[in-house]
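This report concerns only the one structure given below.
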Amino acid sequence: QKEVEQDPGPLSVPEGAIVSLNCTYSNSAFQYFMWYRQYSRKGPELLMYTYSSGNKEDGRFTAQVDKSSKYISLFIRDSQPSDSATYLCAMSARNNDMRFGAGTRLTVKP
Amino acid sequence: NAGVTQTPKFQVLKTGQSMTLQCAQDMNHNSMYWYRQDPGMGLRLIYYSASEGTTDKGEVPNGYNVSRLNKREFSLRLESAAPSQTSVYFCASSEDEGLAGGDTQYFGPGTRLTVL
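The listed protein sequences correspond, in order, to chains P and X.
Under our numbering, the residue at position 59 of the first sequence is numbered 59, and the numbers go up by one with no gaps.
With the second sequence counted from 1, adding 1000 to any position gets you our numbering.
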């Protein structure tokens, strides 16, 4: 079993839809949770970072962490065609290397 | 600022050949990383360097060596390439030791390597 599980999709939604992306994990030592966005043929870029449990909002993006369920989510409101990319979850324990999900490919259709 | 640059962008090798992937950053970051990205596997850490002069193994170090040449440059070497090393390789850097989170890692554009 992988430490981090992420549905690879692909996920296709119409413009303006609310998108929900999710990851589950098995290592209860993970404390730092991140979401990266990766456009085709580019390197990943950090989108959201959350420490421990809770919610974090940044514009149209909301990250949620539920450590009791070992489940993290990224919500995108009012999705735009420019949001079309692969979204990678990542997480790490203190002083330990990061583990990434396989990525979910999202397409937002105009 | 160019950020993180990688060379080459593409490479095709035959089994058994060797090559070095180059990475440089101009952000004065202390830490640098090498990842590989394979379909369905996500990004996996090969090696990292928390500071100039130090290197440590990541999740999948076998078959690779690294050199932190100076603060700016971190190279990845394949001594005897194998088809299983066909992948996209990303270099990243962060201001401090970003492995534990809380410190943004900046990624380069990647090197697409095929081993025949």
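Where is the CB? At the ideal position from N, CA and C, for every residue including glycine.
Quantities reported herein were computed from a predicted structural model and do not represent experimental measurements.
- Apart from the 5 residues on each side of it in sequence, P:Phe-30 sits with its Cβ closer than 6 Å to the Cβ of Met-91, Ala-93 in its chain, given in chain order.
- Comparing alpha-carbon positions, the option among X:Ser-1067, X:Gly-1063, X:Ser-1075 lying closest to X:Ala-1081 turns out to be X:Gly-1063.
- At least one beta carbon of chain X lies nearer than 9 Å to the beta carbon of P:Lys-42.
- The beta-carbon separation of P:Ser-26 and P:Glu-3, rounded to 6 Å, stays under the 8 Å limit for a contact.
- Checking the DSSP bridge columns, you'll see P:Pro-14 partnered with P:Lys-109.
- Distances from the CA of X:Ser-1084 to each of X:Gln-1006, X:Gly-1016, X:Asp-1056 were compared; the closest alpha carbon is that of X:Gly-1016.
- Sequence-distant partners of P:Pro-14 (beyond 5 residues in either direction) whose C-beta falls short of 7 Å from its own C-beta, in its chain, are Lys-109.
- Judged by DSSP in its simplified three-state form, P:Gln-80 adopts coil rather than helix or strand.
- X:Leu-1045 is bridged by DSSP to X:Tyr-1035.
- With contacts defined by Cβ atoms closer than 9 Å, X:Tyr-1089 and X:Arg-1036 form a contacting pair.
- Going by beta carbons, X:Lys-1071 and X:Asn-1030 fall inside the 9 Å limit.
- For X:Val-1004, the enclosing beta strand (DSSP E) stretches over residues 1004-1007.
- Closer than 7 Å at the C-beta level to chain P, one finds these residues of the segment 1057-1072 of chain X: Gly-1058, Glu-1059.
- One thing to note: X:Lys-1009 has its Cβ within 9 Å of the Cβ of X:Arg-1112.
- Residues of chain X whose Cβ lies closer than 9 Å to the Cβ of P:Phe-61 do not exist; the shortest such Cβ separation is about 15 Å.
- Around the beta-carbon of X:Ala-1002, fewer than 16 other beta-carbon atoms lie within 10 Å, marking it exposed.
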